[in-house]
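Structure first, then comments.
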Amino acid sequence: MAVKLQTIKDIRNYIAGELSGLYPRRESLAIAGLVTEKICRSGRLVLMLRENEPLSGSSWQKRVMSYSRRLTAGEPVQYVLGETEFYNCRIRVNRNVLIPRPETEELADIVIKENRGTEARIIDFGTGSGCLAIALAVSLPAAKVTALDISAGALKLAARNAAINNAKVDFMQADLLAASLPGLPMAGIFISNPPYVRESEKMLMRSNVLDFEPGKALFVPDSDPLRFYRAILNLSIEKLTSGGMIYFEINEAMGDAMYDLLEKFRFAEIRIIKDINGKDRFAAGRKTT
Ligand code: GLN
């Protein structure tokens, strides 16, 4: 190993260089920036001001090499660093859970803006890292938040994330596709970002998603791509109050099908909402029955 790293700038350039075949230049630099922030435990501005100062100690050199090895194997930077940001919350991630996506931050934003001050119970189905449930608990402090997942590993991490962010969330382990969910409370708001990528869409996905993220959190069979939404809507019959709201993140190809499904369950004020990329990404509706 002939690399000689002394300053913050050296670390950044080294990592960005190692990633040059894997990501576009700008992304490599952004990843290298996140890694240096983590290693130096400082924000971007401080690092910029000190980028030419030699770093003290030597333990960081080992960490640079170990991070760099994982990154060049294609592992997403969020898993390598063990954390990311979601709606101003620090969210720890590991390979039991999906890395929170910017679309899901948009969903959090819609739900928060439409429900300011709500005292309702909110149930998040398939919480994963807990990002949505935690962002809502923090931004809607009078609400009571319950979050479900089938994965014990995900729930353990989500509970830790709730603690890190001082968010009060009740967690429940549950299989949404099971016949019944005893113990599920009544709620005024249902939200979910369930698995929605069809198996046939796998070939369109990047290998750093396919090789590292949990397939269980992503994929649904082509024969029944809305199975999780249907399961949640079935639960809404008994567990969502009349007048209550439902919010989903959806597959961009499923806008019309979701509209029809919500109609079939007699929801009113149905909306299919586009994400910032102009794709049908969210569905919302109000229960009237
Ligand atoms: N938007 C995610 C992706 O494309 C999928 C999230 C999900 O299946 N809920 O990787």
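Numbering (my numbering), first residue to last: 3 to 291.
Where is the CB? At the ideal position from N, CA and C, for every residue including glycine.
- Looking at 117, 209, 217, 208, the one whose alpha-carbon comes closest to that of residue 201 is 217.
- Residue 63 is bridged by DSSP to nothing; it lacks a bridge partner.
- One residue list follows from the rule of a beta carbon closer than 7 Å to any heavy atom of the ligand GLN, given in chain order as 100, 103, 105, 195, 196, 197, 198, 199, 207, 211, 219, 220, 251.
- The alpha-carbon separation between residue 248 and residue 107 amounts to approximately 16 Å.
- The DSSP-derived three-state label of residue 233 is helix.
- Secondary structure of residue 249 (DSSP, three-state): strand.
- For residue 276, the enclosing beta strand (DSSP E) begins and ends at 269-276.
- Beta-bridge pairing by DSSP links residue 287 to 248.
- A buried status is given to residue 260, since no fewer than 16 other beta-carbon atoms sit within 10 Å of its beta-carbon.
- Going by DSSP, residue 83 is part of the alpha helix (DSSP H) stretching over 79-83.
- According to DSSP, residue 222 shares a beta bridge with 200.
- Annotation for residue 38: 10, 13, 14, 17, 49 place their beta carbon closer than 8 Å to its own, counting only its chain and skipping 5 residues before and after.
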